[in-house]
Each structure stands twice: as C-alpha cells, then as structure tokens.
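Asks: So that we are looking at the same thing, I have put the structure below in structure tokens.
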Amino acid sequence: MRFSSLFLLIVSTNANPDMNRLFEDLFKKYNKLTRPVKAPNETVEIQFKFKLLQLLDVHEKEQVITTNGWLLHKWHDYRLTWDPEQYGNVTLMHIPGQLLWLPDIILYNNAHGSPAVTSVTKIDVYSNGDIHWEPPVIYNSLCKIDIEWFPYDEQYCDMKYGSWTFGGYELNLVHFFKPTTDNVSKQIENGETVWKVQRGIDVSEYQESVEWDLLSIVGTRHEKRYPCCDYPAIDITYSLNIRRKKLFYTINLMTPCVGIAALTAFVFYLPAESHNKIQLCISVLVSLTVFFLLLIEIIPPTSLVTPLIGRYLLFTMILVTFSIISTVIVQGVHYGDDQPMSKITRKIFIKFLGRYLLIYRGPGMPKFRRMARYNKNRLPNAFEVLERHLKLAPTKRQKIEIEEKKRILEAGPTMMLIRTLAQGASLPLLHTPRSPTDKKKESSPVSEAIEKAGSNIHYIARTLRAQRKQENLQADWKFVAMVMDRILLVIFTITTLIGTLMALLSAPSIHDMRQPIEFRAHDSFIDGDY
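Numbering-wise, the sequence shown is residues -15 to -1, 1 to 515 according to mature numbering (1 follows the signal peptide of the UniProt record, and there is no 0).
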C-alpha cells in the first residue's frame, strides 16, 4: 500500500488526470497474488520466447554457458481492461512489475545465480487486457560439453524454461511466435507429443560471437506427466547448436603442436656423431609437457573421452619417446666398432638400403646427400713392391743369383767382397728356401741386419693392414648408423604426416559446410507484432 501511494503521488504530479484516474480505477480492487482468471479451473496462457542478445562465454571446464538476453512474456489479464474513450483515448500504460501478477517462469537448468528474473522492469498494459513484459536476464545454464573433438568441436546446449509453481492446468506455457515467419510443427518423440519451432529464439538483435558460430536455435514445447501428479508439467526448451570457430585454436594451439611433431622427425637428420640429437628430443618432450599443462587448464576433467588435441599430443609424445630410444640405438651402432659385422647386415644396410636411400660412400658422386666421412689409409707403394718381390717365382730368383755369381768370379778380390756384402743385403728380399748348412755358410753380420729389417717391415705391414681393416670396420658401422638414421627419418616423417592428417580430418566440424544462421531484423517482436 505504501508503494501504491507513492506511485499515485508520482502519477498525480507527472501524468495527466485521465491516466491518474485510470490507474486508480484499475488497482482499486486488483490483487497481484491471484491468477488472472475468472474461475479456478481456468488456465492462464503464457506466450513465451527467449530473445538472445549475446553468447557471453562457454566455460568448458565448468560446463556452463553464459547468455545475455530478454524473456518475452505475453498474457491476458481481464482485470486490466478499460474503455479508452472514457480515459482520454489512453490505450497503453507502463506499470511497475511489482504491482502486477507475474508468471514464475524460471530456468530449470540454471548453474548458479538466480534462476528467476531479478530485474523486474515496467510492464506494458494495453486497454484490451494484453500484457507484454520483456525483462533483461543473464543466465548461467548447465551444458554438457563434449570435448571429444576439441578444438574443432560442436556443442549442443539446452535452456529449459517452465513455471516453478503452477501445473499445466493452471498455467499453459506456449510458443510466442509470428504466424507469418514461424511455423510450429507437432511431432511425436519417444511417445511424447512435442511442438517445435525451428527458429524458436529471437536473434534479430544478436551480437555475433567471436568464438562460436550459431547454427540452429530450435524451440521445443514438452508436456510431461509424472507419477506424482495428475496434471502435465509444461516446459519450453531451447536447443542451441554452436560450432567453435577454427582460426584461433588452429594458429595458437594446433600449429605449434604440428611443428613440434615435425621436429621429432628432424632429429634423425642430424649426424649420428652429434650430441645434440638427444638434447633436441628432450627439448621436444618438454614442449609437449607445457602444452599438456595448458590443455588441462582448458578442458573439463572428464574420463569419458579424450579430446582431439590430447590424442594428438599423446601421439606426438609416443613418437618422441621412440625417437629417443632410436637415437640411443643409432649412436650405439655408430660407435660399435669393436664388434664384427655379419654378412647379412653388410648386405642389407651397405649394399642394398644405402643405394636405395641415396647414401653413397665414395667421393665425387653427384647424387649423394650424405656421405660416409672416413679416410682409408693406403699402404705405401714400397710395401706392395716388397710383397711382389717376395712372391717372385723360384726360377726367376735362381736366374738372378747365377748371374750375380758370374759377375763376382770375373771381378777381383776387392770387388768380390763388395759383391758378397751386396748379395747378402738382397738375399732376405729375394729369399728362397735353403738348407740350414747353406744359411750358416752365407750368414754374415750384414745379412742378419738386413733380415731383421725385413722382419720389421713385415711387422709394420701387418700392423698397417690390421689398422686399415679396423678403420674399414668403423666406417662400415658409421655407414650402417647413417642408413638407420635415414630409414628412421623416412618412417617418422610418414608417420607424423599420416597422424597429423588423420587427427585434423577426423573432426566432423572440418567437413561441416553449414553456414551460421542469418540474423534478420524483421524477426524481432515489436509492439505491432504481438
């Protein structure tokens, strides 16, 4: 009563006498606590529609969507009718909502905050008893977020409205639609009759979201009967189909992940003797860990499904793990010069795979990419000449000895001594089998020195041959390690490429060519459309 007196005072000072008199006549016996019906068994019909202004946010972790809009109500109150001619042709009055009976329409799946209207604005009351009310609301509604294809996901969120107190026989909630543009279709779903409107939400003044595309806004009216009650429970559910825009997460999340996965393959392009191979693998592993921590902060902690980006990061982490193991094995082969190489290994890696992988060992090849870098130390030509002399035929050696003896006999005593010494120096090189008696007779200090030098030369030759053989074995193992690196480079490159394409192309929204709904200004409900 105090508020009514205050309102009358305001009206009397600001309004014309006709409106003041009309207000006094309307609220003289008006009771806002009772339903606007003439009989108790009558039903109040409430036309209802949600006008979406903005999709503020989608909280994946809390599984809540935040929307901003208006709730459009229309009903008839027979107690608020008048003849405009008796009140100065006044056909419309703006009355504070606190003075009128209001339907208790709330959001059933409200997450937090008030599920009912908190800002009770003024209400438009027409002379024929029609009442129009459009209070602004900001709702946080529950939405089951499906993160299976994150960040290329598509969500279906419902907003369920209904009366908290009145049943279907007391308050009938129906679609608020325009017959010229909206069509209500009656369908049977799960044995239940529903009424659907394809454009159930008014989006005439919708501000497009920078993160989500609005694909559909279906409104569905349900009448459900529960065992507890003999009246139907009526609700109107708005289903929002939204699709995440691809650009932001593609640039800031997927592109770095693809780059990290590519680095896994390039590990095998480094030389096997490089110590940076393991360091690069560990750096990639640390980068993946950072992305995993970032992903945990975004997605809800669910164990039902693994998001697309999570599966791709896990795939990359497995590749990095195998790359570390493979790198350790390759470096072990690279430095494994103490073990002899089997014929099968030599045939497969050196003769077969090396040729098909474009790896050549010889210098000067125009097609080679990476060559086995090692030097074969060849023996001096003197040793080869020595070996050839040691392998001369016996007839040739005997012929040389006979000619040498003839020259000694023809010379004098002095020349005989010099020839003898010279003959002793050449005998070890031109060694032929002799009896112990002949060796004893022909032995001299000079010949013994020459024989010792010859044995030393043979020892050096054997040592150099062993060294050359060891170097060849080392070069073979290094070549095998190089071939293994090239094979792993090809395998990891193909695996990374296939895994990336499968991850990107498996998301349904990648192939979804549907365009967002158009926001038509003529869809709005203005006073003339009610």
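Virtual Cβ for every residue (Gly too), placed ideally from N, Cα, C.
Can you have a look at V43 and say buried or exposed, based on whether 16 or more other CB atoms are within 10 angstroms of its CB?
Replies: The residue in question, V43, is buried, as its Cβ has 16 or more Cβ neighbours within 10 Å.
Asks: In the DSSP assignment, the alpha helix (DSSP H) including A101 goes from what residue to what residue?
Replies: No alpha helix (DSSP H) contains A101, which DSSP labels as neither H nor E.
Asks: Give me, in chain order, the residues of the same chain whose beta-carbon lies closer than 7 angstroms to that of H496; leave out the 5 immediate sequence neighbours on both sides.
Replies: Correct list: empty, nothing qualifies.
Asks: When you compare only the Cα positions, how much space is there between R499 and A488?
Replies: Computed Cα separation, rounded: 21 angstroms.
Asks: For L7, I'd like the list of residues in its chain whose CB is within less than 8 angstroms of its CB, leaving aside the five on either flank, ordered along the chain.
Replies: Cβ neighbours of L7 beyond the five flanking positions: W67, Y72, V75, M78.
Asks: What would DSSP say about F276, mapped onto helix, strand or coil?
Replies: Helix, per DSSP.
Asks: Would you decide whether P88 is buried or exposed? Buried here means 16 or more other CB atoms lie within 10 Å of its CB.
Replies: With 16 or more Cβ atoms within 10 Å of its Cβ, P88 is classed as buried.
Asks: Would you decide whether H97 is buried or exposed? Buried here means 16 or more other CB atoms lie within 10 Å of its CB.
Replies: It counts as exposed.
Asks: Alpha carbon to alpha carbon, what distance is there between K129 and H58?
Replies: Rounded to the nearest angstrom, the two C-alpha atoms are 28 angstroms apart.
Asks: Just checking, does the region 191 to 199 make contact with the region 144 to 156 on the three C-beta pairs under 8 angstroms criterion?
Replies: Short answer: they don't touch.
Asks: If you follow the alpha helix (DSSP H) that F162 is in, where does it begin and where does it stop?
Replies: Where F162 is concerned, there is no enclosing alpha helix (DSSP H), given that its DSSP letter is neither H nor E.
Asks: When DSSP labels each residue in this structure, what does S259 get in the three-state scheme?
Replies: S259 falls in the coil class under three-state DSSP.
Asks: Less than 8 angstroms between the CB atoms is what I'm expecting for D62 and I116, so what's the real figure, rounded?
Replies: Confirmed, about 6 angstroms.
Asks: Quickly, what does DSSP pair K328 with across the bridge? List them, please.
Replies: Answer is none; K328 lacks a bridge partner.
Asks: Assuming S224 is part of the alpha helix (DSSP H), what are its boundary residues?
Replies: Not the alpha helix (DSSP H): S224 falls in the beta strand (DSSP E), residues 218 to 229.
Asks: Does the beta-carbon of K424 have 16 or more other beta-carbons within 10 angstroms, so that it is buried, or is it exposed?
Replies: Caution applies to K424, whose pLDDT of 49 falls short of 50 and renders its modelled position unreliable; the value that the coordinates give is listed next. Looking at its Cβ environment, which holds fewer than 16 other Cβ atoms inside 10 Å, K424 is exposed.
Asks: Taking all protein chains shown into account, do 16 or more other C-beta atoms lie within 10 angstroms of the C-beta of Y444, making it buried, or fewer, making it exposed?
Replies: It counts as exposed.
Asks: Under the rule that 16 or more other beta-carbon atoms within 10 Å means buried, what is D514, buried or exposed?
Replies: Confidence in D514 is poor, its pLDDT being 43 and thus under 50, which makes the residue's placement too unreliable to answer from.
Asks: From I90, Y93, D138, pick the residue whose C-alpha is nearest to that of K231; which is it?
Replies: It is D138.
Asks: For K14, is the classification buried or exposed, using 16 other Cβ atoms within 10 angstroms of its Cβ as the cut-off for buried?
Replies: The residue is exposed, with fewer than 16 neighbouring Cβ atoms inside 10 Å.
Asks: Which residues bound the alpha helix (DSSP H) around F8?
Replies: From DSSP, the alpha helix (DSSP H) with F8 extends over 2 to 11.
Asks: For L127, collect the residues of the same chain with a Cβ closer than 7 angstroms to its Cβ; drop the 5 residues on either side in sequence, then sort them by chain order.
Replies: Only Q48, V49, N94, A96 meet the Cβ criterion.
Asks: According to the Cβ coordinates, are residue 518 and W180 closer than 7 angstroms?
Replies: It is not possible to answer for residue 518, since the shown part of the chain is limited to -15 through 515.
Asks: Give me the Cα-Cα distance between L474 and D461, rounded to the nearest whole angstrom.
Replies: Whole-angstrom Cα-Cα distance: 20 angstroms.
Asks: How far does the beta strand (DSSP E) with H117 in it reach, from first residue to last?
Replies: That run of the beta strand (DSSP E) goes 115 to 118.
Asks: Quick check: V182 and G204, are their CB atoms within less than 7 angstroms of each other?
Replies: Yes. Within cutoff.
Asks: Could you tell me if Y223 is buried or exposed, where buried requires 16 or more neighbouring beta carbons within 10 angstroms of its beta carbon?
Replies: With 16 or more other Cβ atoms within 10 Å, it is buried.
Asks: Could you please give me the residues that DSSP links to T205 through a beta bridge?
Replies: Paired residue(s): K181, T222.
Asks: Alpha carbon to alpha carbon, what distance is there between Q459 and Y320?
Replies: Approximately 8 angstroms, taken between the alpha carbons.
Asks: Could you check the C-alpha separation between T51 and Y124 for me, to the nearest Å?
Replies: When rounded, the distance between both Cα atoms is 6 angstroms.
Asks: On the criterion of 16 or more Cβ atoms from any shown chain inside 10 Å, does F233 qualify as buried, or is it exposed?
Replies: F233 is exposed by the Cβ-count criterion.
Asks: In chain order, what residues of the same chain lie with their CB nearer than 6 angstroms to the CB of L270, ignoring the 5 residues before and after it?
Replies: Here the set comprises V305.
Asks: In terms of residue numbering, what span does the beta strand (DSSP E) encompassing F33 cover?
Replies: First-last of the beta strand (DSSP E) with F33: 29 to 44.
Asks: Using 7 angstroms as the threshold, is the C-beta distance between A492 and A257 below it?
Replies: Not in contact: A492 and A257 (Cβ atoms no closer than 7 angstroms).
Asks: Quick one: using the 10 Å Cβ neighbour count with 16 as the cut-off for buried, is P120 buried or exposed?
Replies: With 16 or more Cβ atoms within 10 Å of its Cβ, P120 is classed as buried.
Asks: Strictly by DSSP, which residues pair up with K23?
Replies: Paired residue(s): none; K23 is not in a bridge.
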